[in-house]
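Chains as they are written, first to last, in the working numbering: chain A, 1 to 69; chain B, 70 to 138.
Ideal Cβ placement from N, Cα and C applies to all residues, glycine included.
All of these numbers come straight from a predicted model, not from anything done at the bench.
2 protein chains.
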Amino acid sequence: MNLADFVKDKRKRVKLTQPELAEKAGVGLRFIRELEQGKQTLRLDKVNQVLQLFGCEVGAVPHTTKTDT
Amino acid sequence: MNLADFVKDKRKRVKLTQPELAEKAGVGLRFIRELEQGKQTLRLDKVNQVLQLFGCEVGAVPHTTKTDT
DNA sequence: TATATTTGTACCCTAATGGGTATAAAATGA
DNA sequence: TCATTTTATACCCATTAGGGTACAAATATA
Numbered sequence: 001m002n003l004a005d006f007v008k009d010k011r012k013r014v015k016l017t018q019p020e021l022a023e024k025a026g027v028g029l030r031f032i033r034e035l036e037q038g039k040q041t042l043r044l045d046k047v048n049q050v051l052q053l054f055g056c057e058v059g060a061v062p063h064t065t066k067t068d069t
Numbered sequence: 070m071n072l073a074d075f076v077k078d079k080r081k082r083v084k085l086t087q088p089e090l091a092e093k094a095g096v097g098l099r100f101i102r103e104l105e106q107g108k109q110t111l112r113l114d115k116v117n118q119v120l121q122l123f124g125c126e127v128g129a130v131p132h133t134t135k136t137d138t
């Protein structure tokens, strides 16, 4: 699962809108939108601000292929 | 293991210097240095360029505490 | 259907990343 | 010890991320 879908899924599960998540994470609304849309040039610290709300952080994970579950 | 140490360890294992890793990853030498020193405001795409050399990519991992192995 | 909510895209602006490079410091080896 | 290699810090500069915002598009709901 890529970061974009991970965040979107987590957000939906806790029933938050993008503006609400942005507020809670302390980032801009635009950032949440770009994050959930898979923008590749985001800054690590901002991504971490969001992931922390879900008990996660950015780390190195095995490179997944398209055929992975 | 944080990203900084992860990269430094992987690099050492394959016996590369920072300039060599930078070259292979297609990023600047300064970026490798900041990455291995734990700079938090790096860009995701650049980090991924480096991680790919080690068969990894950036992803969400459970938030680790200081007492984790 | 119409209405309300949520999400996506485009704009301007400031601050800072990342590249290159030079030099100092530290680590490694003979 | 000294020489060599590797790593850390500082500088200038172009590019751009991210904030805020407005509006369009999409989705959900009655």
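1) Going by C-alpha to C-alpha distance, which of B:Pro131, B:His132, B:Leu72 and B:Val127 sits closest to A:Asn2?
2) So with CB distances below 7 Å, who are the chain B contacts of A:Asp45?
3) Three or more beta-carbon pairs under 8 Å between the region 82-101 of chain B and the region 15-31 of chain A, yes or no?
4) Confirm, please, whether the CB-CB distance from B:Val76 to B:Glu105 is below 8 Å.
5) Would you say A:Leu44 and B:Val130 are within 8 Å of each other, going by their C-beta atoms?
6) Helix, strand or coil, according to DSSP, for B:Val96 in the structure here?
7) By how many angstroms is the C-alpha of A:His63 removed from the C-alpha of A:Leu29?
8) Which one or two residues does DSSP pair with B:Arg112 in a beta bridge?
This is what the structure gives:
1) B:Val127
2) Gln109 and Thr110
3) no
4) yes
5) no
6) coil
7) 29 Å
8) A:Arg43
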